[in-house]
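As given, the protein sequences belong to chains C and G, one line each in that order.
Each step along the first sequence adds one to the number in our numbering, with nothing skipped, and position 65 is 65.
Each step along the second sequence adds one to the number in our numbering, with nothing skipped, and position 138 is 375.
Here the structure comes first, spelled out in structure tokens, and everything after it is commentary.
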Amino acid sequence: MPAQAGWRMSEAATHEANPTGLAHQFEDIEQQREASSLGMWAFLVTEIMFFGGLFASYTIYRALHYSAFEWGSRNILEVKWGATNTAILICSSLTMAMAIRSAQVGKKKATTIIYLLVTMLFGAAFLFIKLYFEWRQDWIDGFVPGLHWVFTSAHPSTVEPGVQMFMCFYFFMTGLHALHMVVGLGLLTVLVIMAARGRFTSQYWAPLEISGLYWHFVDIVWIFLFPLLYLIGGRYH
Amino acid sequence: MSTVTAELHESPAEPRTHYLNASYGIRSWLLTTDHKRIGLLYLATITFMFLIGAIAAALMRLQLIEPQGALVQPETYNKFFSIHGIVMVFFFLVPSIPATLGNFLIPLMIGARDVAFPKLNLMSWYLFITGCCCMLYAIMAGGVDTGWTFYVPYSSAYSHQHVIAAALGIFIAGFSSILTGLNFIVTIHKMRAPGMTWFRLPLFIWSMYATSVIFILGTPVIAITLLLLGLERLLHVGIFDPRIGGDPLLFQHLFWFYSHPAVYIMILPGMGVISELIPAFSRKRIFGYTFVAFSSLAIAIISFVVWGHHMFVTGQSVYAGLIFSVLSFLVAIPSAIKVFNWTATLYRGSISYEAPMLYALGFIGLFTMGGLTGLFLASLAVDVHVNGTYFVVAHFHYIMVGGAVMAFLGGIHFWWPKITGRLYPDLWARFAAFTIFIGFNLTFFPQFVLGYLGMPRRYAVYPAEFQFYNVMSSAGASILGVGYVIPLVYLIWSLRYGPPAGPNPWGAKGLEWEKAPSPPPTHNFEEIPIVTQEAYDYAGTSGVAHV
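This is the structure:
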């Protein structure tokens with residue numbers, strides 16, 4: 001709780017435009033930072049529940065149609081792309097953390113901007129691989145349920161319905177994840193602009209921190225998606 | 238709304254600047270970040286949505302006056318009850334108390350200048366409006382006929398109505414709930430005035446906190462469920478589709494995982510309001526503060542593990558049914574704790590019967606009936622008999638209308654002088670409270686009987702032997718309707734003609750009454766108060782210092 005003298009700040013003072021980024025409803029920058037951080041954590045809890053519905057459904061259906069899910073994972077998804085993307089995302093989390101750190105310790109604003117840009121580059125690379133090498137190929141092969149589903153007689157017909165279910169989950173889950181990545185790239189763009197304008201100081205870096213939380217969260221979702229979707233097929237080459 | 242501000246400003250009795258006359262014009266309302274104005278924006282919006290839901294209900298009751306249906310074909314009747322359910326649950330009850338009174342009161346009650354994220358607060362309202370527009374589009378384009386529950390496969394494959402627009406409306410309005418809950422949680426954690434410890438908080442704050450927890454944990458699940466439903470409808474294949482090994486029951490599990498806690502989203506804020514009204518009009522500190530506070534949290538937590546009691550007869554395993562039955566009985570305990578503590582507060586209190594108190598007393602009686610009949614439904618064997626009948630309809634209307642709406646009206650009447658700075662005619666208000674109570678019971682008590690006799694819900698026609706009770710119910714609904722119109726008239730009247738209320742017309746305790754004028758200034762307090770007292774410190778005050 002901030003010092004009580006601070007709370008008696010006159011109304012006029014709270015109205016003044018504040019160059020340090022302090023909003024009128026807060027008493028000091030520390031209270032504001034704690035509030036935005038708690039807000040982001042609460043938001044991430046809702047995100048966990050949002051993805052949670054999908055993960056729970058996935059778990060139930062994987063138990064019900066195990067062989068079909070395994071078949072789909074082994075024959076449709078490519079571990080090499082999943083693994084590459086996993087590595088890319090982990091690296092992007094590192095550079096995100098570096099960006100926050102560089103602002104906290106008061107490094108030059110160019111340093112922060114470079115770390116942010118590298119993070120964005122990793123994010124874009126992830127999306128490119130997902131879109132071009134994976135989803136595009138799935139479309140060509142006719143593995144997109146509802147839109148382009150061509151399951152030839154070469155495939156075992158016994159698993160066909162379950163494989164379609166597996167691919168439904170694959171597209172829902174990776175699609176939702178990719179959507180979050182796009183939002184994350186938008187946030188990073190805003191951060192780059194803010195950093196370029198010199199908004200961040202060693203006192204004020206809350207936007208970096210909370211966007212970082214979000215970015216790491218999206219990363220962690222992928223860390224769960226990768227084994228659940230790619231590795232259950234057991235073909236690791 | 239802007240006319241309201243202008244009128245208040247013209248009154249020579251109030252030259253003071255407050256949140257209503259600080260700025261004028263439609264822009265100053267649509268771009269406001271003041272939690273008090275946002276609360277009023279929500280109030281206008283949900284009142285409009287309530288009107289839509291009420292019209293649908295009136296048409297249903299008209300239809301059911303005659304056994305073969307007095308008004309429309311069954312297909313149209315299906316749309317009536319679907320629109321009534323969807324609008325009332327998602328666009329009125331869920332946001333009702335939290336988004337209006339919660340927005341208005343939380344910063345005032347904890348001694349803050351605003352909520353933690355004012356812009357996010359305004360964004361929530363815009364999301365809500367967008368959701369409302371989607372729903373209104375669905376209604377005008379031809380309606381929805383799935384019921385408010387959207388069960389697959391009917392909603393995903395067979396219904397030819399505007400399911401996607403309605404589901405999208407709920408999806409978007411859901412994000413409004415999530416952001417409101419998030420804002421409240423952070424505000425209550427981080428924005429309390431010096432000395433405002435957790436156990437000095439008004440119990441309304443505790444119940445809003447518990448509600449917010451359900452908002453942020455439950456709403457995302459209905460969001461993803463409706464998203465999956467919408468995709469399945471668009472693509473004609475999806476995870477609830479039995480042709481590819483999907484299980485329609487999974488939809489029901491996901492739906493009720495949100496929608497049962499949503500019942501508590503509707504009733505917990507009401508309980509919070511009652512916990513304010515009872516001490517204020519009994520002139521006593523609430524009995525068992527800590528128990529009431531923690532029972533709110535207990536309800537929020539247990540509410541997440543009882544959803545299966547909606548599915549006793551769907552073919553879920555008997556053992557799951559047993560466990561859900563036991564857990565459903567458990568959730569009755571914290572609810573009962575609240576009822577006992579309210580009645581114990583009344584005991585030897587200096588009770589006065591102003592309009593808000595009449596609503597509060599009505600709430601306690603009706604909520605108790607709704608809660609106890611809930612235990613009938615939580616019992617496996619009884620549920621098999623009454624599941625899907627009017628017994629269920631009567632039960633949840635006792636909770637949602639007899640409970641949540643009564644509390645909402647009680648709260649609006651209690652804080653109206655604070656919100657507008659004006660008093661309303663108390664005699665009319667008491668008359669309206671009685672009318673609503675009588676109309677409500679006449680509408681819904683016969684439905685318990687109907688359900689017990691076996692009349693199924695959601696049918697446009699029924700056997701002639703049920704006509705007596707149905708006519709009774711429809712007659713009650715017309716009285717209830719009149720009861721809702723009366724407050725609308727005199728509350729609007731009071732905006733111009735009501736006498737100035739003064740800061741604390743009820744002589745109530747709490748920062749919003751004792752430290753802020755009516756209406757409060759834009760930044761709520763001249764200086765942030767320092768709290769040195771427990772909540773409801775009524776010792777030493779007696780009688781009512783009002784009107």
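Backbone N, C-alpha and C define an ideal beta-carbon position, used for all residues, glycine too.
> Name the chain C residues that come within less than 9 Å of K273(G), Cβ to Cβ?
Replying inline: Here the premise fails: no neighbours, minimum Cβ distance about 13 Å.
> R585(G): which of V324(G), S361(G), F354(G), A776(G) sits nearest, CA to CA?
Replying inline: A776(G)
> In chain C, what lies closer than 7 Å to T462(G) by C-beta?
Replying inline: G53
> Among residues of its own chain, excluding the 5 on either side of A535(G), which ones have a beta-carbon nearer than 7 Å to its beta-carbon?
Replying inline: P571
> Along chain G, which residues have their Cβ under 7 Å away from the Cβ of M165(C)?
Replying inline: I476, I481, G482, G483
> Enumerated in chain order, which unbroken segments of the alpha helix (DSSP H) with a length of 4 residues or greater are wholly contained in the stretch 556-644 of chain G?
Replying inline: 592-615, 617-623, 627-636
> Does the beta carbon of F365(G) sit closer than 9 Å to a beta carbon anywhere in chain C?
Replying inline: no
> By how many angstroms is the C-alpha of P506(G) removed from the C-alpha of M1(C)?
Replying inline: Note that M1(C) has pLDDT 36, beneath the 50 cutoff, so the model's placement of it is unreliable and the number below is only indicative. Cα to Cα, the separation comes out at about 27 Å.
> When the Cα atoms are used, what is the spatial distance from G611(G) to L559(G)?
Replying inline: 16 Å
> Which residues bound the alpha helix (DSSP H) around M246(C)?
Replying inline: With chain C covering 1 to 237 only, the question about residue 246(C) has no answer from this structure.
> Whose Cβ in chain G lies nearer than 8 Å to the Cβ of T46(C)?
Replying inline: I415, L419, I453, L454, T456, P457
> Buried or exposed: which applies to R253(G), given that a residue is buried once 16 or more other Cβ atoms fall within 10 Å of its Cβ?
Replying inline: exposed
> Candidates R74(C), G233(C), G142(C), A195(C): which alpha carbon is nearest Y115(C)'s?
Replying inline: A195(C)
> Do you know how far the Cα of A63(C) is from the Cα of I409(G)?
Replying inline: 32 Å
>> Quick check on Q305(G): buried or exposed, where buried means 16 or more other Cβ atoms within 10 Å of its Cβ?
In response: exposed
> If Q553(G) and Y388(G) are in contact, beta carbons under 8 Å, what's the gap, nearest whole angstrom?
Replying inline: Rounded, the Cβ-Cβ distance is 14 Å, inconsistent with contact.
> Among the residues of its own chain, which have a CB less than 7 Å from the CB of H650(G), if the five just before and after it don't count?
Replying inline: A592, P593, Y596, A666
> So which residues of chain G does H65(C) contact, with C-beta pairs closer than 8 Å?
Replying inline: G482
> Which residue from L614(G), S616(G), H634(G) puts its Cα closest to that of F604(G)?
Replying inline: H634(G)
> Does the stretch 751-771 of chain G come within contact of the stretch 679-688 of chain G, defined as at least 3 CB pairs closer than 8 Å?
Replying inline: no
>> Since A99(C) and T119(C) should fall inside the 8 Å C-beta cutoff, what is the C-beta to C-beta distance between them, to a whole number of angstroms?
In response: 6 Å
>> Judging by CA-CA distance, which residue of T672(G), W544(G), A294(G) is the nearest neighbour of A697(G)?
In response: A294(G)
>> Less than 9 Å between the beta carbons of F677(G) and L717(G), yes or no?
In response: yes
> Which partner residues does F143(C) have in the DSSP bridge list?
Replying inline: W149(C)
>> In whole angstroms, give me the CA-to-CA distance for N741(G) and L732(G).
In response: 17 Å
> Are the C-beta atoms of K575(G) and some chain C residue less than 9 Å apart?
Replying inline: no
> Roughly how many whole angstroms lie between the Cα atoms of P249(G) and H255(G)?
Replying inline: Because P249(G) sits at a pLDDT of 48, beneath the cut-off of 50, its placement in the model cannot be relied upon, and the following sentence gives the value as read from the coordinates. Straight-line Cα distance between these residues: approximately 14 Å.
> Using the rule of at least 16 other Cβ atoms within 10 Å of the residue's Cβ for burial, across every protein chain shown, is T174(C) buried or exposed?
Replying inline: buried
> To the nearest whole angstrom, what separates the beta carbons of F477(G) and S393(G), a pair I think is in contact under 8 Å?
Replying inline: 6 Å
> Can you name, in chain order, every residue of its own chain whose Cβ lies under 8 Å from the Cβ of A12(C), other than the five neighbours on each side?
Replying inline: Confidence in A12(C) is poor, its pLDDT being 37 and thus under 50, which makes the residue's placement too unreliable to answer from.
> Hey, is the stretch 617-635 of chain G in contact with the stretch 302-316 of chain G, meaning 3+ C-beta pairs nearer than 8 Å?
Replying inline: no
> Interface residues of chain G around L38(C) at Cβ under 7 Å?
Replying inline: V423, H426, K427
>> Strictly under 9 Å for the Cβ-Cβ distance: is G184(C) near chain G by that measure?
In response: no
> Hey, is A353(G)'s beta-carbon within less than 9 Å of any beta-carbon in chain C?
Replying inline: yes
> Between the stretch 367-385 of chain G and the stretch 335-354 of chain G, do at least 3 Cβ pairs fall closer than 8 Å?
Replying inline: no
> How big is the Cα-Cα spacing for V450(G) and V105(C)?
Replying inline: 35 Å
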